[in-house]
């Protein structure tokens with residue numbers, strides 16, 4: 002045993018290597034079956050017997066494997082656990098939340114009783130349709146309807162979802178850290194409530210809560226490389242501790258007591274920020290440094306990073322696959338590895354080096370999501386001082402209750418949003434471009450190679466960024482937005498028509514940005530339901546929009562009302578096009594087929610539009626149902642967008658009479674039974690090819706010279722040929 006303890010490498014390099022080995026072990030344990038675990042243990046034992054010097058590393062690997070496997074088994078058990086189905090009354094303890102869930106709020110809770118019986122059930126999600134004052138640690142008596150559908154909430158497995166109708170808080174947490182953390186969080190949220198996007202963003206700077214920030218603003222910050230500012234990290238922890246010690250300065254405490262108070266403050270801060278991965282990483286490193294002072298064992302930043310990663314992964318193995326934790330660790334390593342500037346002004350070069358170091362470190366991870374914003378270093382250089390100043394002023398303002406200071410912080414936060422939107426839609430770097438830049442950086446050391454390097458980098462950047470060119474032929478893209486509709490029409494001359502936006506607030510925005518779209522000629526909202534409208538709202542403020550068509554339903558509420566108000570505010574031409582309207586946009590001819598009259602059912606009030614290119618056509622039907630279909634004569638079209646996610650609310654004979662060769666069903670995971678098996682069977686019997694976004698991903702139709710071609714992101718069949 003003494004030999005084992007002596008073999009532990011208590012050095013920065015040793016702890017970093019231990020973190021890597023732990024990560025490998027935990028990650029493998031979460032994906033390996035039980036047989037693989039036994040085999041790994043046997044191999045590890047053989048290595049230990051053969052080479053005693055590797056004992057420590059083998060133990061670390063085995064502990065990581067065991068932790069990962071236990072986590073995997075727990076997740077599986079939660080997914081298989083029984084939960085009631087239907088109306089229930091249940092006492093629950095709040096474990097985490099709130100998290101935005103559309104217009105609602107979602108929490109993770111642990112059941113304590115079911116009805117009048119004690120029931121220590123598995124974690125479940127609860128959804129509150131309206132704002133609630135429930136906090137972590139509270140015990141609630143909730144009444145509502147349970148659906149036993151296993152899912153994940155922010156990486157946490159839950160066995161079902163409870164839609165809450167009513168609740169009563171029976172008691173608050175008795176844990177002093179939780180009570181103080183909740184109080185700090187409530188004070189921040191109260192101080193930043195209302196008053197525009199800047200105040201909501203200040204809450205993100207202070208405690209990482211972006212629930213009040215518009216989805217479009219969050220997407221703009223992400224594309225500008227600024228989203229890390231609302232992911233609480235080391236700078237936030239440092240500012241919080243500095244503020245904490247300033248408050249306790251009059252107490253004239255010695256260094257040990259200050260360290261103890263710092264550890265206590267970190268506990269409060271982690272609870273107030275709801276222990277997001279980046280918070281856990283940053284607070285863990287700070288706690289190790291403070292603990293090192295208590296035991297007079299100096300812990301440098303690299304050792305702190307390694308030990309923190311080991312501890313966090315062993316306690317929460319699910320974070321091994323969490324992108325947020327991966328980005329936090331990589332960015333921290335990049336920042337710490339960045340060189341110290343020897344040029345003036347030091348603050349300018351220091352900010353630039355730190356930004357570049359972090360961006361290079363997280364680049365491989367960001368490329369998993371698609372691209373890296375090329376202008377991120379510039380955006381960070383402009384935004385970083387604003388964020389630091391805003392956070393500092395806001396912290397003081399919240400502490401002393403100064404509305405003026407919080408307002409100043411909000412004004413500065415608005416300037417950060419201005420930076421984000423200024424570079425929104427800018428050039429993005431892909432894998433090829435990144436390789437060219439890195440290779441160029443290494444080869445630039447050779448004077449002879451510099452002209453060639455410059456040429457290679459330019460070519461790499463050109464080929465390695467998303468193409469902003471329009472397609473060669475008219476193209477229709479049915480975007481996979483989940484349970485909803487969104488379609489983009491792209492013309493060779495840069496023409497863009499957007500039909501519906503899906504339920505994701507930033508889905509359509511992200512799709513347009515990824516295709517380097519700079520403006521939208523026509524936006525069409527088929528009807529008022531959120532699964533078609535929500536994604537259109539941020540597009541209005543992000544891109545110039547020529548005109549907006551809608552069906553004219555009188556009940557303009559929710560996202561539909563917001564969309565019309567935003568369009569009016571931006572001076573966009575708003576029309577309710579009558580039946581027979583024909584609009585020519587580039588190669589596309591759009592003809593309005595319905596609604597024929599005013600319908601009580603919003604689905605029947607859908608705009609039905611036939612889009613033609615030459616002799617080929619696509620029929621967009623919104624969510625039109627049987628009543629409207631019975632009054633509408635079938636319209637021949639090569640491609641049919643099946644109404645209402647393929648629900649049984651359509652007349653199969655009407656769908657078949659359209660005579661389409663391909664039927665597209667935009668649909669996602671749902672509890673409604675969409676698409677209907679009867680609808681699919683009717684289309685199959687008619688010889689219509691059925692494609693679904695939940696199975697095929699994005700579906701692209703191209704009006705090629707020789708016919709209409711289709712392509713999909715996912716295809717289970719051997720080949721997806723064009724059809725005529």
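Numbering (our numbering), first residue to last: 2 to 725. Backbone N, C-alpha and C define an ideal beta-carbon position, used for all residues, glycine too.
Where residue 525 is concerned, the enclosing beta strand (DSSP E) starts and stops at 521-526. Between residue 592 and residue 611, the CB-CB gap stays under 8 Å. Between residue 475 and residue 621, the CB-CB gap reaches or exceeds 8 Å. In this model, residue 160 and residue 578 are separated by some 47 Å (Cα to Cα). In the DSSP secondary-structure assignment, residue 574 is bridged to 548. Within the segment 135-167, the complete beta strand (DSSP E) segments at least 3 residues long are 140-148, 152-154, 157-159, listed from N- to C-terminus. For residue 664, the enclosing beta strand (DSSP E) stretches over residues 663-666. In terms of CA proximity to residue 650, 676 leads the group 215, 676, 265, 115. Within its own chain, the residues whose Cβ lies closer than 8 Å to the Cβ of residue 180, once the five positions on either side in sequence are excluded, are 138, 173, 174, listed in chain order. Taking 8 Å as the cut-off, the beta carbon of residue 522 is found closer than this to the beta carbon of residue 496. If you look at residue 597, you'll find it isn't in any beta strand (DSSP E); DSSP assigns it neither H nor E.
The beta carbon of residue 488 lies closer than 6 Å to those of 479, 500 in the same chain, with the five residues before and after it left out. Secondary structure note for residue 654: its alpha helix (DSSP H) is the uninterrupted segment 653-658. One alpha carbon belongs to residue 211, the other to residue 639, and they sit about 44 Å apart.
In the pairwise beta carbon analysis, the segment 650-662 is classified as not touching the segment 512-527: fewer than three pairs are separated by under 8 Å. Of the residues assessed, residue 256 falls on the exposed side of the cut-off, its CB having fewer than 16 other CB atoms within 10 angstroms. Residue environment for residue 224: buried (at least 16 other C-beta atoms within 10 angstroms of its C-beta). Restricting attention to 574, 584, 502, 609, the CA atom closest to the CA of residue 561 is found in 502. Of the candidates 59, 141, 671, the residue whose Cα lies closest to the Cα of residue 129 is 141. For residue 107, the uninterrupted beta strand (DSSP E) run begins and ends at 105-115, by DSSP. When C-alpha distances from residue 282 are compared across 193, 116, 329, 263, the shortest belongs to 329. Looking at 65, 81, 107, 118, the one whose alpha-carbon comes closest to that of residue 91 is 118.
Per DSSP, residue 320 is not a residue of any alpha helix (DSSP H), being assigned neither H nor E.
With a beta-carbon spacing of about 5 Å, residue 274 and residue 209 fall inside the 8 Å limit used to define contacts.
Non-local C-beta neighbours of residue 714 in its own chain, meaning closer than 6 Å and more than five positions away in sequence, comprise 698, 699, ordered along the chain. Remark: fewer than three beta-carbon pairs, one from each stretch, lie closer than 8 Å, so the segment 263-273 and the segment 302-322 are not flagged as touching. Straight through space, the alpha carbons of residue 668 and residue 597 are spaced by roughly 26 Å. Spatial neighbours of residue 666 in its own chain (CB-CB distance under 6 Å, excluding positions within 5 residues in sequence) are listed in chain order as 643, 647, 676, 693. In the three-state reduction of the DSSP assignment, residue 354 falls in the helix class. When the alpha-carbon of residue 604 is set against those of 586, 556, 637, the nearest one is in 556. The C-beta separation of residue 609 from residue 625 comes to about 6 Å, placing the pair in contact by the 8 Å criterion.
For residue 299, the three-state secondary structure derived from DSSP is coil. Burial is judged here by how many other beta carbons sit within 10 angstroms of a residue's own beta carbon; residue 333 has at least 16 and is buried. Note on geometry: alpha-carbon atoms of residue 239 and residue 584 lie some 58 Å from one another.
Put simply, of 422, 169, 262, 331 the residue whose alpha carbon is nearest the alpha carbon of residue 21 is 331. From the listed residues 65, 590, 599, the smallest Cα separation to residue 313 is found for 65.
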